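This report concerns only the one structure given below.
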Amino acid sequence: MFVKTLALPFLVAPIFVSCMVDDPEDKFDFSSDGQPIANYQIMGKVSDEDGKPINGIRVIADYSTDVIYRADTLYTDQEGEYSKFMSIPRVDKFYMSFTDIDGQANGGEFGPKSEYVTPVRTEISSGHFGGSYVISFNATLKKK
Numbered sequence: 000m001f002v003k004t005l006a007l008p009f010l011v012a013p014i015f016v017s018c019m020v021d022d023p024e025d026k027f028d029f030s031s032d033g034q035p036i037a038n039y040q041i042m043g044k045v046s047d048e049d050g051k052p053i054n055g056i057r058v059i060a061d062y063s064t065d066v067i068y069r070a071d072t073l074y075t076d077q078e079g080e081y082s083k084f085m086s087i088p089r090v091d092k093f094y095m096s097f098t099d100i101d102g103q104a105n106g107g108e109f110g111p112k113s114e115y116v117t118p119v120r121t122e123i124s125s126g127h128f129g130g131s132y133v134i135s136f137n138a139t140l141k142k143k
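Just so it is clear: in the sequence shown, position 44 is 43 by numbering that gives the first Met the number 0, and no numbers are missing.
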């Protein structure tokens, strides 16, 4: 009888622990290198000096750190627009590069342009989730 009394708490405790509900606000979303993840919407438009949209411009969104190189490549569409949603480790700035890769096609040959862009927070969150941000940049390229 004494053994049954001692064993009872060890048998019942797992039932109560397994019935506990996790609070979704306490969930941590980390990248493979342990950094908190944030949502980023990158978007913008590329046009020439006359305001006409330029199709086929390569846009590189570089969000590297001092230790790790990270970048995503996008291309402008017929309206000169580019857009991408991504969940990545939280960063303070993006280095946006715009390069004409098709020469004379799509309105002529344009010179490159680069710019640092600071993300704008659109959603504040709790815990280690980094929130949501928008990186919006419209670039005007000059003909060569």
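We put the beta carbon where it would ideally sit given N, CA and C, even for glycine. As the structure is a computational prediction, the values presented were derived from the model and not from experiment.
Which class does D49 belong to by DSSP, given the choice of helix, strand or coil? coil
Apart from the five residues just before and just after S86, which ones in its own chain have a Cβ nearer than 6 Å to its Cβ? I36 and N38
Below-8 Å beta-carbon distance, S46 vs any chain D residue: No chain D is present in this structure, which holds just one protein chain.
Measuring CB to CB, does F97 end up less than 8 Å from V45? yes
How far does the beta strand (DSSP E) with S82 in it extend, from its first residue to its last? E80 to P88
Element boundaries [beta strand (DSSP E), containing V133]: S131 to S135
Classify S135: buried if its beta carbon has 16 or more other beta carbons within 10 angstroms, exposed otherwise. exposed
Could you tell me whether the Cβ atoms of A70 and I56 are closer together than 8 Å? no
Count the other C-beta atoms from every protein chain shown that fall within 10 angstroms of the C-beta of K143, then say buried if there are 16 or more, exposed otherwise. exposed
G107 (DSSP reduced to helix, strand or coil): coil
What would DSSP say about I123, mapped onto helix, strand or coil? coil
Helix, strand or coil at T64 according to DSSP, with G and I counted as helix: coil
Which of the three DSSP states is assigned to Q77 in this structure? coil
Start and end of the beta strand (DSSP E) containing K112? K112 to V116
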